[in-house]
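Each remark here refers to the structure printed beneath this line.
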Amino acid sequence: MWIGWLELDILLGDVHSLKEKRSLVRPLLAELRRRFQVSVAEVDHLELHRRAGIGVSLVAADRRHIVEVLDAVERFVAYRPEIELLSAHRSDRTTGDD
């Protein structure tokens with residue numbers, strides 16, 4: 048069993064309040080869940096209205112699938128016009144890593 052995760056630090060465009068931030072971040076999270084069948088949540092910069100930290104994770108039988116899905120998620124977020132992807136950090140582990 049493989050577990051993979053991706054941490055995305057994003058800068059939101061013309062956003063002036065936490066309410067506006069939510070109106071961009073919530074649909075993004077829902078689309079990531081639907082399109083890639085991953086677990087996803089806003090995990091950092093909760094108090095800032097122009098930044099968001101997004102955590103994405105998934106479990107799969109092989110590492111190749113983990114890499115493909117996380118690559119696709121990162122590309123999807125990076126190409127959103129209303130979002131600037133500042134950084135992306137990822138990792139994966141197998142249950143055999145002790």
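Residue 48 is where the sequence shown starts when you use our numbering, and the numbers rise one by one after that. Glycine residues also receive a C-beta, built at the ideal position from the N, C-alpha and C atoms.
Check your understanding: Going by DSSP, what residues sit across from Ser134 in a beta bridge?
Key -> The partner list for Ser134 (beta bridge, DSSP) reads Asp56.
- Got a sec? Which residues, its chain only, sit under 7 Å from Val116 by beta carbon, not counting five neighbours each side? Closer than 7 Å at the Cβ level, and outside the excluded window around Val116, lie Phe83, Val85, Leu105.
Check your understanding: DSSP state of Asp91, grouped into three classes?
Key -> In this structure, Asp91 counts as strand in the three-state DSSP scheme.
(request) Compare the C-alpha of Ile101 against each of Arg81, Asp118, His136, Ser70 and name the closest. (result) A check of alpha carbon separations from Ile101 across Arg81, Asp118, His136, Ser70 identifies His136 as the nearest.
Host alpha helix (DSSP H) of Ala77 (start-end):
Its alpha helix (DSSP H) spans residues 65-83.
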